[in-house]
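Working notes for the structure below.
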Amino acid sequence: GAVVSQHPSWVICKSGTSVKIECRSLDFQATTMFWYRQFPKQSLMLMATSNEGSKATYEQGVEKDKFLINHASLTLSTLTVTSAHPEDSSFYICSATNPQGYEQYFGPGTRLTVT
Amino acid sequence: GEDVEQSLFLSVREGDSSVINCTYTDSSSTYLYWYKQEPGAGLQLLTYIFSNMDMKQDQRLTVLLNKKDKHLSLRIADTQTGDSAIYFCAESMSGGYNKLIFGAGTRLAVHP
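Chains as they are written, first to last, in our numbering: chain A, 1 to 115; chain B, 116 to 227.
In structure tokens form, the structure reads like this:
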């Protein structure tokens, strides 16, 4: 149980285009999902906290207009990178909290490359 | 502010025990976690410990928590080559929503 999936697993896009990444909790309802960014050989940096039915809470320094987060259902959150630039190339990982709230399960990640 | 620190690299021989250490700063952390990340993959939750516990054992994994010193360790018994990965320590922040703060990760290399 407690499986989180992400789609796509990798994507290459041209500079200036937008990319949507999906995060799904497959076998549990996730009221809270998180989006992280990971640069090579570095730790995870929390970008935002996403709660179903409400606006996401962004961490300091993360542009909410650039990284659009939608958490429309208890099993799906999406991250849209708008007007992507090469510096947005990174590994994006989502996670979801189990209903009890203290176990956080991570998706396999999405590698975004902006050319 | 919140901070989690780990040593960056550990090399052990196959069959030996590995001990990965972590220090954290937020004394109000409710849960502390260990995650494993293999190359190009997401994070796998290995184990976690509630802040009022001193030790937790789960098969080959033993977690020790010294709350006074804000020190957390993960011991892997009989380390195997499949244990080679990056191990992240994380603390949950008080205030709800289980927001996690991660350490930089410890790269464990297991050699024959």
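We put the CB at the ideal spot given by N, CA and C, even for glycine.
Straight through space, the alpha carbons of B/Ile135 and B/Thr162 are spaced by roughly 13 Å. In the three-state scheme derived from DSSP, where H, G and I count as helix and E and B as strand, B/Glu206 is classed as strand. A/Thr115 carries a coil assignment under DSSP once its states are collapsed to helix, strand and coil. Of the candidates A/Thr113, A/Val114 and A/Ser95, A/Ser95 places its Cα closest to the Cα of A/Asn51.
Among the residues of chain B, those whose CB is under 9 Å from the CB of A/Glu103 are Tyr146, Tyr148, Leu160, Tyr163 and Asn213, following chain order. Of the residues assessed, B/Met170 falls on the exposed side of the cut-off, its CB having fewer than 16 other CB atoms within 10 angstroms.
The stretch 192-208 of chain B makes contact with the stretch 144-163 of chain B: 3 or more CB pairs, one atom from each, lie closer than 8 Å. Annotation for A/Val114: Cys13, Ser15, Ala84, His85, Pro86, Asp88 and Ser89 place their beta carbon closer than 7 Å to its own, counting only its chain and skipping 5 residues before and after. Under the Cβ distance rule, B/Gly197 does not count among the residues neighbouring chain A, no pair being separated by less than 8 Å.
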